[in-house]
DNA sequence: TACTTTTGGTTAATCGATTAAACAAATATA
DNA sequence: TATATTTGTTTAATCGATTAACCAAAAGTA
């Protein structure tokens, strides 16, 4: 029915003025009389006028769109980050296009292409676990639009970054476990090639050394940290002749897998083995025993990443200096470690 | 640096041909010689040409964008739906813009405005719990673009819908509980104003009657079905002088809340009270005891909703008849009910 | 040879909004 | 009164890709 959307021209025709006048009236240009503005806005409302974003974006060279790339949206951390980003960007008139990489490098590249194709004004991303080759990210930079990374970033790219202090987080965890009397602490970690996991591992090792605790190689494992990985890695640790009395897992999902195995084997948590996760996913407080974890301030991260982006677009060409924002994390102590 | 993106004109200049020829060459028009096509594509690659989506969308009157509105992305159901939608739409050259309503009616209206503003070619939505007023959805219809609802829909809107058979799902659950020997089955349901929850309630009541079981009013409660609601509602049921021996909860989150309370009170599940949830969220298999639940075939729903949309855009103006696709659900029996 | 068809393009208009430049009318200033 | 300035608006170009209409040259046909 209403096939045709109302355009500036339709309004102009009704009032017998030029489309330029209509455009200016709607944008509150100082050179348009109050009378005309009123009339224009009135007619615009009557005709249910909706500006055509494509046309204005094309003309202005700005789409007012921000592209977002996350590993997946169904983790509480990422969904919370997105929510808070949205809030900030919305106020500045920007809309977000969310894409998921599903932890796949290939999908991530596709997403970058799609976003550039849609002429987004900037990209905010958290890299997939798989991603090692950074050439696609260089593509964004060479496109001249701002790129901001959060959580999963890479130092090599030399772009803005917002995340938490993973190194210190490991220290907090080890301090806590030591205070609980643990003497032999294992770490189920991510792959070192990913910055955040590398930092967690470094923090773990340094903290262990600081307390003169054993840091045998067999106590440290690397994996993708899926729930299944958590199961497999804890099995390995349990098979050791000298079992750990605490396990620090670098992801809540893997921690959950580990907990499942421990329960299946009737190993009491926290009595026999204490367990600590990372990320403070909601389920950590829901399972039995509830899992001690690190809260990452997802709200702050989302907010700051969005604001960093806005910092670029506000000041025309003036490229501000690189921003690396590192937030402090918080240890949420629950039953699994006390 | 590379401020200026390459345009058709740049390619045309290099080859000293018209932009029209370049455009046609890139779109494999039959009237362009193989030689020219090769040359154009070669130069396009060299100059790293990226078509400007805004320009072509404006000219063609199609943005190749599909708007998506979901209550939230951090539930496994919705994130899985999105993933499968994406897969189908991607093949057809469409991109998705995901928006979250956070179960808020106001946010949902904002999202609709945003999507229309971005000139999406269609909208696929699952309504917020709060939403009762449908005028905003009428706005989409009057805009002339296809609207497809899934999971949370409304009959009154008279648009395409993809979902599961909630009425039958309730029957399956009751059959199962009856087979387990339950005699007094309660239902912690959603608000009747929402179609799916109304159907679940109707199914519950009819199945109960069919088996000549008691269907006291006190056994049926309505709420928003958050985790907290689950806790509150189960408390009410436990306070009854004649307690139920089974509880069917219309959402996994509320079921989890109920389970927490039952465990805190040392009421054995499933021995004293059997529990069934709805939605088959991953955590249902992770908690102890694992929770019996209904799987909603999120993959199918995502796929079918996307295909329904494509059904509209392929055939020009020809408006196909209304599609109401109702899928069968599946009962996943776990420890909480056997 | 003379006319028709095919091939391979070119020209110019278009999508809708924005904006630099131009301009007439009204008002202010000398 | 003559000139300068301000006000309010129009004209026309523009963003980049697409496409209807047109056209010249080459090839085919009677």
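Chains as they are written, first to last, in my numbering: chain A, 1 to 338; chain B, 1001 to 1338.
Glycine included, each C-beta is placed from N, C-alpha and C at the ideal position.
Would you tell me roughly how many angstroms separate the C-alpha atoms of residue i and residue j, rounded to the nearest one?
{"i": "residue 107 of chain A", "j": "residue 157 of chain A", "result": "19 Å"}
{"i": "residue 228 of chain A", "j": "residue 1032 of chain B", "result": "55 Å"}
{"i": "residue 1198 of chain B", "j": "residue 1166 of chain B", "result": "9 Å"}
{"i": "residue 1212 of chain B", "j": "residue 1174 of chain B", "result": "12 Å"}
{"i": "residue 1023 of chain B", "j": "residue 1043 of chain B", "result": "13 Å"}
{"i": "residue 1272 of chain B", "j": "residue 1336 of chain B", "result": "10 Å"}
{"i": "residue 1163 of chain B", "j": "residue 191 of chain A", "result": "40 Å"}
{"i": "residue 45 of chain A", "j": "residue 122 of chain A", "result": "32 Å"}
{"i": "residue 1073 of chain B", "j": "residue 1101 of chain B", "result": "10 Å"}
{"i": "residue 1242 of chain B", "j": "residue 1196 of chain B", "result": "29 Å"}
{"i": "residue 1070 of chain B", "j": "residue 1287 of chain B", "result": "26 Å"}
{"i": "residue 1327 of chain B", "j": "residue 1037 of chain B", "result": "47 Å"}
{"i": "residue 1103 of chain B", "j": "residue 1147 of chain B", "result": "19 Å"}
{"i": "residue 220 of chain A", "j": "residue 264 of chain A", "result": "23 Å"}
{"i": "residue 217 of chain A", "j": "residue 181 of chain A", "result": "21 Å"}
{"i": "residue 299 of chain A", "j": "residue 82 of chain A", "result": "9 Å"}
{"i": "residue 238 of chain A", "j": "residue 274 of chain A", "result": "13 Å"}
{"i": "residue 20 of chain A", "j": "residue 155 of chain A", "result": "48 Å"}
{"i": "residue 25 of chain A", "j": "residue 59 of chain A", "result": "18 Å"}
{"i": "residue 48 of chain A", "j": "residue 77 of chain A", "result": "39 Å"}
{"i": "residue 94 of chain A", "j": "residue 1111 of chain B", "result": "12 Å"}
{"i": "residue 1282 of chain B", "j": "residue 1008 of chain B", "result": "49 Å"}
Applying the criterion that 16 or more other CB atoms from any shown protein chain within 10 Å of the CB defines a buried residue, is residue i buried or exposed?
{"i": "residue 1214 of chain B", "result": "exposed"}
{"i": "residue 1138 of chain B", "result": "exposed"}
{"i": "residue 1200 of chain B", "result": "buried"}
{"i": "residue 322 of chain A", "result": "exposed"}
{"i": "residue 305 of chain A", "result": "buried"}
{"i": "residue 1284 of chain B", "result": "buried"}
{"i": "residue 1034 of chain B", "result": "exposed"}
{"i": "residue 1339 of chain B", "result": "One cannot answer for residue 1339 of chain B here, as it falls past the ends of chain B, which runs 1001 to 1338."}
{"i": "residue 210 of chain A", "result": "exposed"}
{"i": "residue 1160 of chain B", "result": "buried"}
{"i": "residue 1240 of chain B", "result": "exposed"}
{"i": "residue 1366 of chain B", "result": "The requested residue 1366 of chain B is not part of the displayed model; chain B covers only 1001 to 1338."}
{"i": "residue 1012 of chain B", "result": "buried"}
{"i": "residue 1151 of chain B", "result": "buried"}
{"i": "residue 1030 of chain B", "result": "exposed"}
{"i": "residue 87 of chain A", "result": "exposed"}
{"i": "residue 329 of chain A", "result": "buried"}
{"i": "residue 1084 of chain B", "result": "buried"}
{"i": "residue 255 of chain A", "result": "buried"}
{"i": "residue 293 of chain A", "result": "buried"}
Just grab the DSSP bridge partners of residue i for me.
{"i": "residue 1160 of chain B", "result": "B/1148"}
{"i": "residue 1330 of chain B", "result": "B/1295"}
{"i": "residue 325 of chain A", "result": "A/162"}
{"i": "residue 125 of chain A", "result": "A/69, A/149"}
{"i": "residue 138 of chain A", "result": "Beta-bridge pairing links residue 138 of chain A to no other residue."}
{"i": "residue 1248 of chain B", "result": "B/1187, B/1276"}
{"i": "residue 98 of chain A", "result": "A/68"}
{"i": "residue 1221 of chain B", "result": "B/1188"}
Which one of the options has the shortest CA to CA distance from residue i?
{"i": "residue 17 of chain A", "options": "A/40, A/281, A/180, A/98", "result": "A/40"}
{"i": "residue 253 of chain A", "options": "A/279, A/239, A/170", "result": "A/279"}
{"i": "residue 257 of chain A", "options": "A/225, A/293, A/295", "result": "A/225"}
{"i": "residue 1262 of chain B", "options": "B/1172, B/1282, B/1235", "result": "B/1235"}
{"i": "residue 114 of chain A", "options": "A/221, A/97, A/48, A/305", "result": "A/97"}
{"i": "residue 153 of chain A", "options": "A/125, A/267, A/176, A/180", "result": "A/125"}
{"i": "residue 331 of chain A", "options": "A/311, A/149, A/168", "result": "A/168"}
{"i": "residue 105 of chain A", "options": "A/120, A/134, A/329", "result": "A/134"}
{"i": "residue 1006 of chain B", "options": "B/1050, B/1027, B/1293", "result": "B/1050"}
{"i": "residue 1057 of chain B", "options": "B/1325, B/1120, B/1021, B/1087", "result": "B/1120"}
{"i": "residue 92 of chain A", "options": "A/309, A/334, A/338", "result": "A/309"}
{"i": "residue 1193 of chain B", "options": "B/1179, B/1206, B/1222", "result": "B/1222"}
{"i": "residue 1144 of chain B", "options": "A/4, A/307, A/333, A/329", "result": "A/4"}
{"i": "residue 176 of chain A", "options": "A/54, A/59, A/324, A/333", "result": "A/333"}
{"i": "residue 1053 of chain B", "options": "A/140, A/116, A/290, A/303", "result": "A/116"}
{"i": "residue 1324 of chain B", "options": "B/1338, B/1307, B/1313", "result": "B/1307"}
{"i": "residue 295 of chain A", "options": "A/232, A/170, A/178", "result": "A/170"}
{"i": "residue 1090 of chain B", "options": "B/1303, B/1230, B/1267", "result": "B/1303"}
I'd like to know if the stretch 1056 to 1065 of chain B and the stretch 120 to 135 of chain A are in contact, where contact means that at least 3 CB-CB pairs between them fall below 8 Å. Flag = no, the stretch 1056 to 1065 of chain B and the stretch 120 to 135 of chain A do not touch.
Decide if the stretch 1243 to 1263 of chain B is in contact with the stretch 1175 to 1192 of chain B; the criterion is three or more beta carbon pairs, one per stretch, under 8 Å apart. As far as the Cβ criterion goes, the stretch 1243 to 1263 of chain B touches the stretch 1175 to 1192 of chain B, which means the pair count is three or higher.
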